[in-house]
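Before any comments, here is the structure.
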Amino acid sequence: MKTLFILNNPTNLSACLEAIAKEDALLLIEDAVIIARKNIEYKHISLFALKEDLIARGINNTDASWELINYGKFVELTLAFDKSVTWL
Amino acid sequence: MATFSLLITANPYSNQGQYSALEFTKAVLEAGHIIKRIFFYADGVLVANRLNCPPADELNLTKSWAKLAIEKDIELTVCVTAALKRGIVNQAEAERNALTSESIDPAFELSGLGQLTEAMLASDRLVTFG
Chain A
5 MKTLFILNNP TNLSACLEAI AKEDALLLIE DAVIIARKNI EYKHISLFAL
55 KEDLIARGIN NTDASWELIN YGKFVELTLA FDKSVTWL
Chain B
419 MATFSLLITA NPYSNQGQYS ALEFTKAVLE AGHIIKRIFF YADGVLVANR
469 LNCPPADELN LTKSWAKLAI EKDIELTVCV TAALKRGIVN QAEAERNALT
519 SESIDPAFEL SGLGQLTEAM LASDRLVTFG
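Protein chains in written order, with this note's numbering: chain A, 5 to 92; chain B, 419 to 548.
Okay, structure coming up:
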């Protein structure tokens with residue numbers, strides 16, 4: 005069961021990562037996009053960040069380990085994984 | 419073509435969740451998929467209050483949801499228990515609780531948590547915004 009974890013609050017990152025398995029992915033949205041400035045190198049999971057929320061916060065120095073996506077790709081990701089978990 | 423439902427618990431004026439959900443919904447429809455139901459729960463129900471008056475230069479989330487729902491024929495379902503606690507009532511609930519008026523925007527509908535369960539069962543994906 006592949007899960008897409010959606011994180012919107014940067015302070016919840018460590019707890020969220022504990023729940024993530026190898027085949028899962030992490031998508032940063034809203035305030036959590038600030039995390040994308042660094043390479044978190046975790047279990048080789050796929051890393052995504054919502055471009056619109058990065059632009060809204062003036063962040064243009066993201067680490068190359070993060071794939072920047074739009075809402076259309078966000079929708080595709082939710083379908084590419086068996087389920088999504090929004091980590092609140 | 420896939421069927422989506424959304425669960426929204428985000429307070430409309432404390433964080434970005436309602437806006438994110440709105441943009442996600444538009445992207446789902448643009449991709450040719452179906453929105454089965456959008457379920458508002460916890461503080462998320464506050465967006466259904468037709469008396470909300472945000473400043474003119476801010477996005478009016480209540481009107482944005484209502485417009486999208488009418489244009490695209492989307493069900494906006496509001497948890498009745500969460501709504502009543504926060505003063506969001508329809509005509510029937512206003513009368514039952516001896517209130518002077520209803521306050522729910524007509525594009526939204528009060529219902530129970532069973533509608534969330536049914537949406538989960540009838541959709542390929544449930545995506546939460548909080």
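For glycine and all other residues, C-beta sits at the position ideal for the given N, C-alpha and C.
Does the contact criterion of 3 or more C-beta pairs under 8 Å hold for the region 515 to 534 of chain B versus the region 68 to 83 of chain A?
Contact between the region 515 to 534 of chain B and the region 68 to 83 of chain A is absent: fewer than three C-beta pairs spanning the two stretches fall below 8 Å.
Is the distance from the Cβ of Gly548 (chain B) to the Cβ of Cys497 (chain B) below 9 Å?
Contact flag unset, no.
Identify the continuous alpha helix (DSSP H) that holds Ala537 (chain B) and give its terminal residues.
Taken as a continuous stretch (DSSP letters only), the alpha helix (DSSP H) holding Ala537 (chain B) covers Gly532 to Ala540.
For the ligand FMN, is there any heavy atom lying closer than 8 Å to the beta carbon of Cys20 (chain A)?
Among the components modelled here there is no ligand, and therefore nothing to report on the ligand FMN.
Using 8 Å as the cut-off, can you tell me whether the region 505 to 513 of chain B makes contact with the region 484 to 495 of chain B, which would need three or more C-beta pairs spanning the two stretches below that distance?
No: fewer than three Cβ pairs fall under 8 Å.
So, is the C-beta of Thr82 (chain A) closer than 9 Å to a C-beta in chain B?
Chain B contact via Cβ: present.
Which residues, in chain order, does the region 531 to 546 of chain B contribute to contact with chain A at a C-beta distance below 7 Å?
The residues in question are Arg543, Val545 and Thr546.
By a C-beta neighbour count over all protein chains shown, 10 Å radius and 16 as the cutoff for buried, is Arg543 (chain B) buried or exposed?
Here Arg543 (chain B) is buried. Its C-beta has 16 or more other C-beta atoms within 10 Å.
Can you tell which of B:Asp475, B:Thr421 and B:Leu494 has the C-alpha that lies nearest to the C-alpha of Gln436 (chain B)?
When B:Asp475, B:Thr421 and B:Leu494 are compared, the shortest CA-CA separation from Gln436 (chain B) is found for B:Leu494.
Along the chain, which unbroken stretches of the beta strand (DSSP E) at least 3 residues long are found entirely within the region 463 to 548 of chain B?
For secondary structure counted as the beta strand (DSSP E) over 3 or more consecutive residues, the region 463 to 548 of chain B holds these complete runs in sequence order: 494 to 497, 526 to 529 and 543 to 547.
Is there a Cβ from chain B that is less than 9 Å from the Cβ of Ser88 (chain A)?
Yes - at least one Cβ of chain B is within 9 Å of the one on Ser88 (chain A).
Could you tell me whether the Cβ of Val555 (chain B) comes closer than 9 Å to any Cβ of chain A?
No answer is possible for residue 555 (chain B): the residues shown for chain B start at 419 and end at 548.
Quick one: which chain A residues come within Cβ less than 7 Å of Gln434 (chain B)?
Glu34, listed in chain order.
Going by the beta-carbon positions, is the gap between Asp67 (chain A) and Ala29 (chain A) smaller than 9 Å?
Result no, Cβ atoms of Asp67 (chain A) and Ala29 (chain A) do not sit closer than 9 Å.
Output, in sequence order along the chain, the residues in the region 433 to 452 of chain B whose CB is closer than 8 Å to any CB in chain A.
Those residues of the region 433 to 452 of chain B that come within reach of chain A (Cβ to Cβ, closer than 8 Å) are Asn433, Gln434, Gly435, Ser438, Glu441, Phe442, Lys444, Ala445, Val446, Glu448, Ala449 and His451.
Decide if Lys485 (chain B) is buried, meaning its Cβ has at least 16 other Cβ atoms within 10 Å, or exposed.
So Lys485 (chain B) counts as exposed.
Using a Cβ-Cβ distance cut-off of 9 Å, determine whether Ile39 (chain A) contacts chain B.
Not one chain B Cβ lies under 9 Å of Ile39 (chain A).
Can you tell me where the beta strand (DSSP E) holding Ile59 (chain A) begins and where it ends?
Per DSSP, Ile59 (chain A) lies in no beta strand (DSSP E); the unbroken alpha helix (DSSP H) holding it starts and ends at Lys55 to Ala60.
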